[in-house]
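Student: Let me begin by handing over the structure; questions about it come next.
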Amino acid sequence: MKRKASILLLALAMVVSMAACGGNTTSSSGGSTSSTAPSASTGSAAAGTSETATPAENDLRESSLVTLDVVTMASGKEQKDIDLVAAAMNELLEEKFNCNVRLTFLSFATYAEQTTLMLSSGSGADILPVYMIPLPTAANAGQIIPLDDLLDKYGAGIREQIGEYVECGRVGDAIYGITTGRDLASTQGFAMRKDLCDKYDIDYENIKTLDQLKEALVKIKEGEENVWPVAVSAGENIRNWGWDPLGDDMVNLGVLADMAQTTEVVNLFETQQYSDLANTMYEWMNEGLIQSDAVNTTEVSSSLLQAGTAFGYFTNLKPGYAAENTASLGIEIVVSEMIDALASTNNVSRATWTISSGCKNPDAAMKVLNELYTSPELGNLYMYGIEGTHYKVVEAGGSSNGQDIINYADGLDATTSGYRKSGTWLTPNQFIGHTWFGSTADYWDVTRKFNDDALKSKAFGFTYDSANVNNEVTACTNVVAKYHKALMCGALNPAETLPKFNQELKDAGIDRIIAEKQTQLDAWYAEYGA
Amino acid sequence: MTKNTAVQPAANNRPNKQKVSAMRLKRCFPLYLMFLPGALYLLINNYIPMAGLIIAFKRVNWNKGILGSDWAGLNNFTYLFKTKDAWNITRNTLLYNLAFIVIGTVLAITVAILLNEIRSTGAKKTYQTIILLPYLISIVVVSYLVFALLSSETGFVNHTILKSMGKEGISWYTEPKYWPAILIIVHTWKTFGYNTILYYATIVGIDRGYYEAAVIDGANRWQQVWHVTLPSLLPTIITLTLMSIGKIFYSDFGLFYQVPMDSGPLYDVTNTIDTYVYRGLVRLNDVGMSSAAGFYQSVVGFVLVLLANWTVKKVSGDENALF
Chain A
1 MKRKASILLL ALAMVVSMAA CGGNTTSSSG GSTSSTAPSA STGSAAAGTS
51 ETATPAENDL RESSLVTLDV VTMASGKEQK DIDLVAAAMN ELLEEKFNCN
101 VRLTFLSFAT YAEQTTLMLS SGSGADILPV YMIPLPTAAN AGQIIPLDDL
151 LDKYGAGIRE QIGEYVECGR VGDAIYGITT GRDLASTQGF AMRKDLCDKY
201 DIDYENIKTL DQLKEALVKI KEGEENVWPV AVSAGENIRN WGWDPLGDDM
251 VNLGVLADMA QTTEVVNLFE TQQYSDLANT MYEWMNEGLI QSDAVNTTEV
301 SSSLLQAGTA FGYFTNLKPG YAAENTASLG IEIVVSEMID ALASTNNVSR
351 ATWTISSGCK NPDAAMKVLN ELYTSPELGN LYMYGIEGTH YKVVEAGGSS
401 NGQDIINYAD GLDATTSGYR KSGTWLTPNQ FIGHTWFGST ADYWDVTRKF
451 NDDALKSKAF GFTYDSANVN NEVTACTNVV AKYHKALMCG ALNPAETLPK
501 FNQELKDAGI DRIIAEKQTQ LDAWYAEYGA
Chain B
1001 MTKNTAVQPA ANNRPNKQKV SAMRLKRCFP LYLMFLPGAL YLLINNYIPM
1051 AGLIIAFKRV NWNKGILGSD WAGLNNFTYL FKTKDAWNIT RNTLLYNLAF
1101 IVIGTVLAIT VAILLNEIRS TGAKKTYQTI ILLPYLISIV VVSYLVFALL
1151 SSETGFVNHT ILKSMGKEGI SWYTEPKYWP AILIIVHTWK TFGYNTILYY
1201 ATIVGIDRGY YEAAVIDGAN RWQQVWHVTL PSLLPTIITL TLMSIGKIFY
1251 SDFGLFYQVP MDSGPLYDVT NTIDTYVYRG LVRLNDVGMS SAAGFYQSVV
1301 GFVLVLLANW TVKKVSGDEN ALF
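As structure tokens, this is what we get:
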């Protein structure tokens, strides 16, 4: 007995000593992680000294060649001409800043996962848009750096381009992310193939409700044997249907419901609106209107449309959505707008460009970022590739912002082009670039007007910090992951699932999250007025 | 060697002891050399990462580094126990592995004995290859094979089998109740070939004399299996089972993550500790909390190994136990 006890003790002692010497090893590895911080500060110090050394010239060139990893999202298809485009961008950047960029494109299905791993490991990305993972989480974990000082030093152009929307990238006291120049409100609706609309005489422009949409979908179901009326993207059917998710648009823990015109934070999953939506989708699924493998598909809905096996998909819309996607998908797309334009902080902060804390040279990163926001030459390269190789000019100076109207280079289309024409909404600033053929010449002006005219959520401008309810958020996120997407796909029966879902959310502490959000929102109202 | 040292008089013990240990080192040097790569592997792969346990107690901020981050106490653990998550993932991990061990062992032994009964060498080789093949297929490919069977519209089961029986198709990827069976079948199908080969190798090594003696005593085939083959297999069975129990708190990540295709409604029955930690990291982007789940796995796993070893010692004596 004594012997056994001593063996147990020994084993325990081993574990403890492992943990202890573990402490030592971490100090060395901790040293290497934290070394990014000193190097960052030396970086800025070096820049500072170089500034003082050559104050008169205002030289923005780095003293030695800096290479930055620039990451963003694209269609996920192979982009074979990336190196070609990067080389062209480097020519511009090397001359001006002595910087180089390496471009990385990640697909929609893996974007959140891959960028999370990049941010956690601190390598692989210097400049990247944080998208589909909450900005405050990344900021609070120190994975991205505060940008205020850098913006003051090198980001005048960004402030000029983005204006007051820069403030929406604020977490706590500092700005961490810069939103992209794009539509900053969203209309919800349905995008679909025009050929089928014409064939079945579907009056897409006047579809305003789900019931009207259903009539159209039933026609497709009856007429086309091998076409799904509704396709989903990687298990996600409807992300938003006119509510303000107050900070977490993937999980929706505590929202302003019904077009966000109240000031009361509620549990979305208990609202009538949500239950109606889930019931409708369940009904559609049972009638065979929604892709039956919706829950576990890894495909993106648009690729099903391209393959000819689906009719349409739910999406958030913006001016020119149809024209843009007609160009990128290579099939004619039309849309039905069903929920009016709503602007919430999320629309702005959903996708923001950030500098990762693994970045060894934040000054250079901000210079490049500022250039991407302000230089049409660089921006066009990044967005559309090389003139003559990937696109041709249809009408020089034809766009109302002074840029050209462009189209695919001769002999190329959406599937054969070696450089993407997808995901451009996530590039820093579309407003300064070319307009794609098919969009109206004043497309970017229309978009700015769309941003200005959209119905503002009662919490527009409010950013929420989840630090106090971290545990509840984690527990609730796990619960939502189980049910929400599946309910929106119509794969689960709401009558059975919703009560279970809400009970699990209560157990996980959603009420505390809602209360916390309400407190922060009330404080924000007290400061800025409702 | 121990005898040598024991014979030495106590007076000049010290220098001699040094000499002896030097001699021993010299003599065993090749053995130590052979041990070195394995030890290094263990150190780098299993011991050094233990340092990461500290993350479970930190509120990690990458700017401050791991050691510099604030302590979070047990705060990272609370979410685990807030919902049924901790219970669910522990139950899943344990029960699945238990089922894998029992069913896998029984099936592997049965097939090994059957293989041994086949006389034609050509047929034997063919069966061995067929049995082993699934073990070599990547789990991602397996997940699509399963999908080809279970896809609700075009899957073989819904489209061909159930339809021809006049039954409604089942939405497999949203019905948790079928998945324990599906996962066990898939895992067994994939891995039993490998264990079969191990058992078969042991059976081939059994002295033919025993069987001849049994035949002379009038034993039929069944009695031969029961009284000769199985007792000879026992040490192999115990070793393999013990090794499996040692890993009972690990789960086959590919099986539990890829095969259900990350379908939300199935999480309750498909989440094991490994998938939970992974999802926690990629979805919530919170290293501290995922480490907390990992830490929980280590502690419970440690307790289980001690318990299993203790049981073996009680049941079959010291020589079969790991330590």
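Chains as they are written, first to last, in the numbering used here: chain A, 1 to 530; chain B, 1001 to 1323.
Note that the Cβ used here is the ideal one computed from N, Cα and C, for glycine as well.
Note that this is a predicted model, so its numbers are computed, not measured.
(1) Leaving aside the five residues before and after Phe1253(B) along the sequence, list all residues of the same chain whose C-beta is less than 6 Å from its C-beta, in chain order.
(2) With DSSP run on the structure shown, which of helix, strand or coil describes Asp244(A)?
(3) Thr104(A) CB to nearest chain B CB: under 8 Å?
(4) Going straight from the alpha carbon of Gln79(A) to that of Val230(A), what length do you get?
(5) Hey, how far is the Cα of Val1157(B) from the Cα of Ser375(A)?
(6) Just grab the DSSP bridge partners of Ser356(A) for me.
(7) Would Ile563(A) count as contacting chain B if we go by Cβ distances under 8 Å?
(8) Rank Phe105(A), Phe97(A), Lys96(A), Ala459(A) by C-alpha distance to the C-alpha of Val85(A) and give the top, closest one.
(9) From the DSSP output, in three-state form, read off Leu1306(B) for me.
(10) Based on DSSP bridge pairs, tell me the residues matched to Ala174(A).
(11) Compute the Euclidean distance between the alpha carbons of Tyr528(A) and Ala343(A), then round it to the nearest angstrom.
(12) Just to confirm, are Ala323(A) and Gly438(A) a CB contact at a threshold of 8 Å?
(13) Leaving out five residues on either side along the sequence, give the residues of the same chain with a beta carbon under 8 Å from the beta carbon of Leu1025(B).
(14) Rounding to the nearest angstrom, what Cα-Cα distance links Thr463(A) and Leu246(A) in this structure?
(15) Hey, is Ile514(A)'s beta-carbon within less than 8 Å of any beta-carbon in chain B?
(16) Residues of chain B with a CB under 7 Å from the CB of Leu128(A): which are they?
(17) Under 8 Å between C-beta atoms, does Arg1091(B) make it to chain A?
(18) Give a yes or no on contact between the stretch 172–188 of chain A and the stretch 226–245 of chain A, applying the rule of three or more CB pairs nearer than 8 Å.
(19) Under the three-state reduction of DSSP, which class applies to Glu224(A): helix, strand or coil?
(20) Name, going along the chain, the residues of the stretch 1256–1274 of chain B whose beta-carbon falls closer than 8 Å to a beta-carbon of chain A.
(21) Near Asn98(A), which residues of its chain fall below 8 Å by C-beta distance, leaving aside the five closest residues on each side in sequence?
(22) Whose C-beta lies closer than 6 Å to the C-beta of Thr474(A) among residues of the same chain, with five residues either side of it excluded?
(23) When you compare the CB positions of Leu426(A) and Tyr131(A), do they come within less than 8 Å of one another, or not?
(24) Where does the unbroken beta strand (DSSP E) through Pro129(A) begin, and where does it stop?
(25) Between which two residues does the beta strand (DSSP E) carrying Ser61(A) extend?
(26) Any C-beta of chain B within less than 7 Å: which residues of the stretch 287–315 of chain A qualify?
(27) Does Lys485(A) have its Cβ less than 8 Å from a Cβ in chain B?
(28) Less than 8 Å between the beta carbons of Asn1088(B) and Ala141(A), yes or no?
(29) Give the interface partners of Tyr1079(B) over in chain A, defined as CB-CB distance under 7 Å, in chain order.
(30) Taking only beta-carbon positions, decide if Thr33(A) is within less than 8 Å of chain B.
(31) Along chain B, in chain order, which residues have C-beta atoms closer than 8 Å to that of Ala141(A)?
(32) Return the bridge partner residues of Val71(A) from the DSSP annotation.
(33) Going by C-alpha distance, which of Leu492(A), Asn478(A), Thr497(A) is nearest Glu510(A)?
(34) Does Gln1297(B) come out as helix, strand or coil in the three-state DSSP assignment?
(35) To the nearest whole angstrom, what separates the beta carbons of Leu151(A) and Ile133(A), a pair I think is in contact under 8 Å?
(36) If Asp293(A) sits next to Ser1152(B), beta carbons under 8 Å apart, how far is it from one beta carbon to the other, in whole angstroms?
Tutor: Quick look at the numbers:
(1) Reading the second sequence from its first residue, position 253 is the one you call residue 1253(B). Once the five neighbours on either side are set aside, the close Cβ partners of Phe1253(B) are Asp1274.
(2) The count along the first sequence starts at 1 and reaches residue 244(A) at position 244. DSSP places Asp244(A) in strand when its eight states are reduced to three.
(3) By one-based count along the first sequence, residue 104(A) stands at place 104. Not an interface residue.
(4) Taking the first residue of the first sequence as 1, we reach residue 79(A) at position 79. Taking the first residue of the first sequence as 1, we reach residue 230(A) at position 230. Rounded to whole angstroms, Gln79(A) to Val230(A) spans 28 Å at the Cα level.
(5) What you label residue 1157(B) is simply residue 157 of the second sequence in a count that begins at 1. What you label residue 375(A) is simply residue 375 of the first sequence in a count that begins at 1. One C-alpha to the other measures close to 57 Å.
(6) Position 356 of the first sequence, counted from the start, is the residue given in the question as residue 356(A). Answer is Ile144(A), bridged to Ser356(A).
(7) Outside the shown range of chain A, which is 1 to 530, sits residue 563(A), and nothing can be said about it.
(8) One-based indexing of the first sequence puts residue 85(A) at position 85. Ranking Phe105(A), Phe97(A), Lys96(A), Ala459(A) by Cα distance to Val85(A) puts Phe105(A) first.
(9) Taking the second sequence and counting its residues from 1, one reaches residue 1306(B) at position 306. DSSP places Leu1306(B) in the helix class (H, G or I) of the three-state scheme.
(10) Position 174 of the first sequence, counted from the start, is the residue given in the question as residue 174(A). DSSP, once it has assigned bridges, lists Val171(A) as partnering Ala174(A).
(11) Reading the first sequence from its first residue, position 528 is the one you call residue 528(A). Reading the first sequence from its first residue, position 343 is the one you call residue 343(A). Whole-angstrom Cα-Cα distance: 17 Å.
(12) Numbered from 1 along the first sequence, position 323 holds the residue referred to as residue 323(A). Numbered from 1 along the first sequence, position 438 holds the residue referred to as residue 438(A). In contact: Ala323(A) and Gly438(A) (Cβ atoms closer than 8 Å).
(13) Translated into positions along the second sequence, residue 1025(B) becomes position 25. Around Leu1025(B): Tyr1032.
(14) Your numbering for residue 463(A) matches position 463 in the first sequence. Your numbering for residue 246(A) matches position 246 in the first sequence. Cα to Cα, the separation comes out at about 7 Å.
(15) To locate residue 514(A), count along the first sequence from 1; it is residue 514. Taking Cβ atoms only, chain B never reaches closer than 8 Å to Ile514(A), which makes this a no.
(16) Taking the first residue of the first sequence as position 1, residue 128(A) is located at position 128. Result: empty, since nearest Cβ-Cβ is about 14 Å, beyond 7 Å.
(17) As a working note, residue 1091(B) is residue 91 in the second sequence. Not one beta carbon of chain A lies nearer than 8 Å to the beta carbon of Arg1091(B).
(18) Yes, they touch.
(19) Along the first sequence, read from residue 1 onward, the residue named residue 224(A) stands at position 224. Coil.
(20) Within the stretch 1256–1274 of chain B, Pro1260, Met1261, Asp1262, Ser1263, Gly1264, Pro1265, Tyr1267, Asp1268 place their CB atoms closer than 8 Å to a CB of chain A, listed in sequence order.
(21) Residue numbering aside, residue 98(A) sits at position 98 when the first sequence is read from its first letter. Hits under 8 Å: Arg61, Glu62, Ser63, Ser64, Leu65, Val66.
(22) On the first sequence, position 474 is the one that residue 474(A) refers to. Contacts found: none.
(23) If you number the first sequence from 1, residue 426(A) lands on position 426. If you number the first sequence from 1, residue 131(A) lands on position 131. For Leu426(A) and Tyr131(A), yes; Cβs fall inside 8 Å.
(24) By one-based count along the first sequence, residue 129(A) stands at place 129. Pro129(A) -> beta strand (DSSP E) spans 127–131.
(25) Within the first sequence, numbered from 1, the residue matching residue 61(A) stands at position 61. Reading off the sequence shown, one finds Arg at residue 61(A), where the question assumed Ser. Taken as a continuous stretch (DSSP letters only), Arg61(A) belongs to no beta strand (DSSP E), as it is neither H nor E.
(26) Going along the stretch 287–315 of chain A in chain order, one finds Ser292, Asp293, Val295, Asn296 with a Cβ nearer than 7 Å to chain B.
(27) Here residue 485(A) refers to the residue found at position 485 when the first sequence is read from its first residue. Taking Cβ atoms only, chain B reaches closer than 8 Å to Lys485(A), which makes this a yes.
(28) Sequence index remark: in the second sequence, residue 1088(B) carries index 88 (1-based). Sequence index remark: in the first sequence, residue 141(A) carries index 141 (1-based). Not in contact: Asn1088(B) and Ala141(A) (Cβ atoms no closer than 8 Å).
(29) One-based indexing of the second sequence puts residue 1079(B) at position 79. At a beta-carbon threshold of 7 Å, the residues of chain A lying near Tyr1079(B) are Asn471, Thr474, Ala475, ordered along the chain.
(30) Translated into positions along the first sequence, residue 33(A) becomes position 33. Low confidence applies to Thr33(A): its pLDDT is 35, below 50, so where it sits in the model is not reliable, and the reading given next is rough at best. At least one chain B Cβ lies under 8 Å of Thr33(A).
(31) Walking along the first sequence from the start, residue 141(A) turns up at place 141. Under the 8 Å cutoff, chain B gives Val1060, Asn1061, Trp1062, Asn1285, Asp1286, Val1287.
(32) Within the first sequence, the letter at position 71 stands for residue 71(A). For Val71(A), which the question treats as bridged, DSSP gives the partners Thr104(A).
(33) Residue 510(A) sits at position 510 when you count from the first residue of the first sequence. It is worth fixing the name first, because residue 510(A) is Ile in this sequence and not Glu. Per the Cα distances, Asn478(A).
(34) Indexing the second sequence from 1 puts residue 1297(B) at position 297. In the structure shown, the three-state DSSP call for Gln1297(B) is helix.
(35) As a first step, residue 151(A) must be located in the first sequence, where it is residue number 151. As a first step, residue 133(A) must be located in the first sequence, where it is residue number 133. Contact between Leu151(A) and Ile133(A) fails: their C-beta atoms lie close to 22 Å from each other, not under 8 Å.
(36) Taking the first residue of the first sequence as 1, we reach residue 293(A) at position 293. Taking the first residue of the second sequence as 1, we reach residue 1152(B) at position 152. That belief holds up - the Cβ atoms of Asp293(A) and Ser1152(B) are roughly 6 Å apart, short of 8 Å.
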